[in-house]
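Peer 1: Okay, handing you the structure first.
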Amino acid sequence: MKHIGYVGTYDSKCSQGVYRFKFDDVTGKLTKPTSFYKTNGGKCVALTDEFVVVTREIPGKSGIALLDKNGTVLSEAFMERASACFIGCRDKFVYTANYHDGVVMIYKIANQKLQLVKKLVNGSETGCHQVMCWRSDIFVPCLKLDCINIYDMGKNFLLTDKIVFSPGTGPRHGVFTTDERLYLVSELSNELFYYHLVQNNSWELISKMSFLPEQSATGSASAALRLSGDGRFIYISTRGSNLLSVFSIEGATPKMIQQISCGGDHPRDFLLSGNGEYLLVVNRLSNELISMKINKTTGMIGAIADRTEVHEGVGIALE
1 MKHIGYVGTY DSKCSQGVYR FKFDDVTGKL TKPTSFYKTN GGKCVALTDE FVVVTREIPG
61 KSGIALLDKN GTVLSEAFME RASACFIGCR DKFVYTANYH DGVVMIYKIA NQKLQLVKKL
121 VNGSETGCHQ VMCWRSDIFV PCLKLDCINI YDMGKNFLLT DKIVFSPGTG PRHGVFTTDE
181 RLYLVSELSN ELFYYHLVQN NSWELISKMS FLPEQSATGS ASAALRLSGD GRFIYISTRG
241 SNLLSVFSIE GATPKMIQQI SCGGDHPRDF LLSGNGEYLL VVNRLSNELI SMKINKTTGM
301 IGAIADRTEV HEGVGIALE
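With the numbering used here as the guide, the letters of the sequence shown map in order to residues 1 to 319.
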């Protein structure tokens with residue numbers, strides 16, 4: 001089955017804005033990305049059933065743009081100084097996290113327009129890196145604060161709790177499972193953390209593990225984390241060492257089962273195809289998008305199926 005994909009990029013001589021490509025989840029073949037929406041600061045991209053949401057910069061301001069699938073701008077919101085480093089969509093809501101401004105912006109999509117719901121202020125340069133929704137809560141990993149701030153949407157987004165990490169950990173990206181587990185990767189310490197919800201509605205640390213070979217840990221910075229569709233495996237990308245790590249999470253604690261080259265340089269973001277057969281990774285510094293075969297039974301990553309050129313790729317999304 002053929003799918004439409006999108007790559008957000010850093011601005012450069014060879015890239016500006018968001019690019020679109022086609023992907024075949026039977027063969028793993030990719031088409032060369034072509035320009036979808038030309039804009040400054042178009043590094044992050046997310047999808048709803050109807051819309052494409054991208055980061056955008058204009059002189060002195062940053063924000064997001066809501067586009068239809070033809071690339072027509074329907075609505076814009078410029079309420080930040082620096083560009084957000086994360087966009088997430090859930091139902092009719094859009095969430096952005098801003099590393100430098102230290103804010104989370106929450107918008108509602110209504111009548112093809114962006115409506116601001118809430119601005120959550122964590123503090124300038126606190127390294128807000130993601131927004132995770134769980135029940136009525138919002139979890140915001142703050143890399144430079146070494147904590148996850150937890151806000152209750154049912155209490156007008158009141159800050160109700162925190163998960164605190166050791167100094168220098170740098171929590172970056174996490175994911176929830178359907179059976180109330182939380183897995184999170186740290187950028188600075190390159191560790192995988194595993195939490196479980198306990199009876200008093202708090203999150204208990206079950207395990208943490210450093211997963212990089214000692215010789216490759218210096219200068220490495222883990223980036224994205226993804227959960228397989230069947231909930232059996234965790235995948236992590238690490239820049240610097242240019243590795244993709246695979247963990248089985250079927251046992252009492254996560255077990256690393258594979259580390260493999262990302263096939264290029266600086267794997268900033270990646271995703272898993274909807275059928276679970278392929279991993280698509282954006283290698284920013286080697287200017288390419290790569291598809292890699294996945295064995296759904298073992299969870300392991302296999303051979304490179306295809307690769308194509310895209311300059312300064314940062315974020316990726318797939319319909």
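Positions of the beta carbon are idealized from the N, C-alpha and C atoms, including for glycine.
(1) Excluding sequence positions up to five away, which residues of its chain have a Cβ less than 6 Å from the Cβ of LYS113?
(2) Output needed for TYR95: all residues of its chain with C-beta closer than 6 Å, excluding positions within five of it in sequence on either side, in chain order.
(3) Among the candidates ASN149, ASN98, SER136, whose CA atom is the shortest distance from the CA of CYS128?
(4) With PHE233 and GLY154 assumed to form a contact (beta carbons below 8 Å), what rounded beta-carbon distance in angstroms separates them?
(5) Among SER166, PRO167, SER12, ILE148, whose alpha-carbon lies nearest the alpha-carbon of LEU159?
(6) From what residue to what residue does the beta strand (DSSP E) around ARG268 run?
(7) Mind checking which residues open and close the beta strand (DSSP E) that includes HIS3?
(8) Let me check understanding here. Comparing Cα to Cα, which of VAL73, ILE304, THR238, LYS144 lies closest to PHE165?
(9) Rounded to the nearest angstrom, how far is the Cβ of ILE304 from that of ILE290, given a contact under 8 Å?
(10) By Cβ distance below 7 Å, which residues in the same chain neighbour ILE257 in space, the five residues on each side in sequence not counted?
(11) Quick one: Cα of LYS293 to Cα of ILE260, how far?
(12) Report the rounded CA-to-CA distance for ASP269 versus ASN156, giving the unit in angstroms.
(13) Residue range of the beta strand (DSSP E) that GLN115 falls in?
(14) Measuring only the C-alpha atoms, how far is GLU191 from LEU244?
Peer 2: Taking the structure as given:
(1) Against the sequence shown, residue 113 aligns to sequence position 113. Closer than 6 Å at the Cβ level, and outside the excluded window around LYS113, lie SER75.
(2) Counting from one through the sequence shown, the residue named residue 95 turns up at place 95. If we look at TYR95 and ignore the five residues flanking it on each side, its Cβ neighbours are GLY88, ILE106, VAL131.
(3) In the sequence shown, residue 128 corresponds to position 128, counting from 1. Looking at the Cα atoms, ASN98 is the closest of the given residues.
(4) Translated into the one-based positions of the sequence shown, residue 233 becomes position 233. Translated into the one-based positions of the sequence shown, residue 154 becomes position 154. Actually they are not in contact, since the Cβ atoms of PHE233 and GLY154 sit about 32 Å apart, beyond 8 Å.
(5) To locate residue 159, count along the sequence shown from 1; it is residue 159. Comparing Cα-Cα distances from LEU159 to each of SER166, PRO167, SER12, ILE148, the minimum goes to ILE148.
(6) Here residue 268 is taken as the residue at index 268 of the sequence shown, counted from 1. 267-272 is the span of the beta strand (DSSP E), which, as asked, contains ARG268.
(7) For this step, residue 3 is matched to residue 3 along the sequence shown. HIS3 -> beta strand (DSSP E) spans 2-9.
(8) Translated into the one-based positions of the sequence shown, residue 165 becomes position 165. Out of VAL73, ILE304, THR238, LYS144, LYS144 has the C-alpha closest to the C-alpha of PHE165.
(9) Position 304 of the sequence shown, counting from 1, holds the residue named residue 304. Position 290 of the sequence shown, counting from 1, holds the residue named residue 290. With a Cβ gap of about 6 Å, ILE304 and ILE290 count as contacting.
(10) The residue labelled residue 257 in the question sits at position 257 within the sequence shown. The residues are VAL246, PHE247, SER248, GLY299, MET300.
(11) The count along the sequence shown starts at 1 and reaches residue 293 at position 293. The count along the sequence shown starts at 1 and reaches residue 260 at position 260. Taking the straight line from one Cα to the other gives about 12 Å.
(12) Here residue 269 refers to the residue found at position 269 when the sequence shown is read from its first residue. Here residue 156 refers to the residue found at position 156 when the sequence shown is read from its first residue. So the two alpha carbons sit approximately 32 Å from each other.
(13) In the sequence shown, the residue the question calls residue 115 occupies position 115. Run containing GLN115: 113-121, per the beta strand (DSSP E) assignment.
(14) Residue numbering aside, residue 191 sits at position 191 when the sequence shown is read from its first letter. Residue numbering aside, residue 244 sits at position 244 when the sequence shown is read from its first letter. Rounded to whole angstroms, GLU191 to LEU244 spans 13 Å at the Cα level.
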